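Asks:
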Amino acid sequence: MSHEEAVCRRHADPEAPRPYPGWEKAAPAHMPRPKDRLTLRVDADVVEWFKRQGQGYQTRMNAALRAFMDAHGHGS
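Structure (structure tokens):
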């Protein structure tokens, strides 16, 4: 599905959330950090748990790793 098709489908859905006034100011104004592609050995049950959470599981895994890093000192 193209981006344009997704936008049209979203606007046709009466239950889709609508943006609120001023949403542009709340949206992040920065570019996402570049990511490195790597091979990582992870326990199968951990991967399956993240996959069961749905699409975007790799992004959530990255967020979990970032939260751990932030909690334990960024540069240490």
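Mind the numbering: the sequence shown is residues 29 to 104 in this note's numbering, read in order.
Every residue gets a Cβ at the ideal spot worked out from N, C-alpha and C, and that includes glycine.
The structure displayed is predicted, hence computed values, not measured ones.
Going by beta-carbon coordinates alone, are R88 and F78 separated by less than 8 Å?
Replies: Closer than 8 Å, so yes.
Asks: Which of helix, strand or coil does DSSP assign to K111?
Replies: Since the first residue shown for the chain is 29 and the last is 104, residue 111 is missing from the structure and cannot be characterised.
Asks: In its own chain, which residues sit with a C-beta less than 8 Å from the C-beta of D73, not counting the 5 before and 5 after it?
Replies: Within the same chain, D73 has no close Cβ partners at all.
Asks: Suppose you measure from the CA of E43 to the CA of R37; what does that come to, to the nearest Å?
Replies: Each residue's Cα considered, the two are about 11 Å apart.
Asks: Taking the alpha carbon of A91 as the point to measure from, which residue in R61, T67 and D71 has its own alpha carbon closest?
Replies: Of the candidates R61, T67 and D71, the one whose C-alpha sits nearest the C-alpha of A91 is R61.
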